[in-house]
Amino acid sequence: GNSVTQMEGPVTLSEEAFLTINCTYTATGYPSLFWYVQYPGEGLQLLLKATKADDKGSNKGFEATYRKETTSFHLEKGSVQVSDSAVYFCALSDAGKSTFGDGTTLTVKP
Amino acid sequence: DAGITQSPRHKVTETGTPVTLRCHQTENHRYMYWYRQDPGHGLRLIHYSYGVKDTDKGEVSDGYSVSRSKTEDFLLTLESATSSQTSVYFCAISESAGTDTQYFGPGTRLTVL
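Sequence order for the protein chains is A and B. Using the numbering used here, the first residue of the first sequence is number 646, and each one after it goes up by one. Using the numbering used here, the first residue of the second sequence is number 7, and each one after it goes up by one.
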């Protein structure tokens, strides 16, 4: 079956630091890949997505590139802010069903 | 924001009682999903629906049933709640399967004593 493995947390960074959260996947088909973000007390919301190999998704300074050769979709941001503190989920969608990673908690300190 | 509401938002119940959670959408999306979120497990799919009266099981469907009699409503029922079903439940919708983004409701926190 499909699976998503993402970097274990929690991750604590200082403001303006560089962020990488690793995500790798296993899928039988040709999935679409997503990063969702969850703020305290809320549901998940889409951060960015990529639907085919070599696509780059980007939003709010975050980026991730769909790497089929390494089955990866790592999330990066060049300079994090305190407001980026949240839980980040990597996910794939294949044949109509989604599979989520366990989530990575990011805390950014001023 | 996608128009998705969940009710109730919080519920405390006792083991053995039936519980029904409601998800309501105003987006006319075809697909609706129920997930549970537990520490260390991410989100796990319970059931999903691909149309009125069309539903299918997810990876953790035991002990849960669903119904969808209207496009806008998707009900999740715990026939006889157990403590292992204490969790946060999220409803999600999408316009189509596959490449489409899922839009999530605010969640229902259920505690089974």
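We treat Cβ as the ideally placed atom computed from N, Cα and C, and that holds for glycine. It should be emphasised that the depicted structure is a prediction, and the values quoted were computed from it without experimental measurement.
Going by DSSP, A:Lys713 is part of no beta strand (DSSP E) at all; its letter is neither H nor E. With respect to A:Lys722, A:Leu664 sits close: the two C-beta atoms are nearer than 7 Å.
Under the three-state reduction of DSSP output, A:Ser677 falls in the strand class. Just so you know, the alpha carbons of B:Tyr56 and A:Thr716 end up roughly 28 Å apart.
Think of a sphere of 7 Å around the beta carbon of A:Asp747: the chain B residues whose beta carbon falls inside it are Gly46, His47, Gly48, in chain order. Annotation for A:Asp729: no beta strand (DSSP E) segment contains it, and DSSP assigns it neither H nor E.
Of all residues in the region 88 to 113 of chain B, only Phe96, Ala103, Gly104, Thr105, Thr107, Gln108, Phe110, Gly111, Pro112, Gly113 place a beta-carbon less than 7 Å from a beta-carbon of chain A.
B:Thr21 is classed as exposed because its beta carbon has fewer than 16 other beta carbons within 10 Å across all chains shown. By the neighbour-count criterion, in which 16 or more other beta carbons inside 10 Å mark a residue as buried, B:Tyr41 falls on the buried side. Identification of residues in the region 688 to 703 of chain A having a C-beta nearer than 8 Å to some C-beta of chain B yields Gly688, Leu689, Gln690, Leu691, Lys694, Thr696, given in sequence order. The C-alpha of A:Asp699 is placed about 27 Å away from the C-alpha of A:Gly654. Against chain B, the CB of A:Gly723 has no partner CB under 7 Å away; the residue lies outside that interface.
When beta bridges are read from the DSSP output, B:Ile10 appears opposite B:Gln31. In this structure, A:Glu660 lies near A:Val727, with their beta-carbon atoms less than 7 Å apart. Following the DSSP letters along the chain, one finds B:Gln108 in no beta strand (DSSP E), marked with neither H nor E. The three-state secondary structure of B:Ser90, taken from DSSP, is helix. Neighbours of A:Lys742 in chain B, taken as residues at a C-beta separation under 7 Å, are given in chain order as Leu51.
Under the DSSP assignment, A:Met652 falls outside any beta strand (DSSP E); it carries neither an H nor an E label. Listed along chain B is no residue with a C-beta nearer than 7 Å to that of A:Phe707; the closest approach is about 15 Å. Counting only residues of its own chain and dropping the five nearest sequence neighbours on each side, B:Ser86 has a CB closer than 7 Å to the CB of Gly22, Pro24. Rounded to whole angstroms, B:Cys97 and B:His47 show a C-alpha spacing of 17 Å.
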